[in-house]
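Asks:
In my numbering, the protein residues as written are 1 to 117.
If you want it as structure tokens, here you go:
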């Protein structure tokens, strides 16, 4: 929805439903009104508020069951998954160091004394 997955839009609600229910399509959940029965655990104010917000958000959606869902991979500009984009996603936020900068050569540095004594 709006370029985001449901687990980001309604994280409290999403955390209360089983893996099997998470795999259910929006069409299945809305036509059979199954999401409310999928809630497991405590029905907190946050969970209930997110459920109602999600229901309100989806009430304006016109479902087209004959059209297959589109999956968008958020870690590439094209929206398509690739092994390269998955590998690059692993390093998002990682700090990069340039260990060889300044030496210019491979091997021991000449100005380092490695003797003991």
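Ideal Cβ positions, reconstructed from N, Cα and C, are used throughout, including at glycine.
Every value quoted in this text rests on a predicted model; they were computed, and no experiment measured them.
Around the C-beta of residue 54, are 16 or more other C-beta atoms found within 10 angstroms, so that it is buried, or is it exposed?
Replies: Answer is buried; the Cβ neighbour count reaches 16.
Asks: Report the option in 81, 79, 75 and 80 whose CA atom is closest to the CA atom of residue 91.
Replies: It is 75 whose Cα lies nearest to the Cα of residue 91.
Asks: Using the C-alpha atoms, what's the distance from residue 93 back to residue 69?
Replies: 30 Å
Asks: What do you get for residue 17, buried or exposed, if any count of 16 or more other CB atoms within 10 angstroms of its CB means buried?
Replies: buried
Asks: In three-state DSSP terms, what is residue 36?
Replies: helix
Asks: Tell me residue 17's beta-bridge partners as DSSP assigns them.
Replies: Residue pairing from DSSP places residue 17 in a beta bridge opposite 39.
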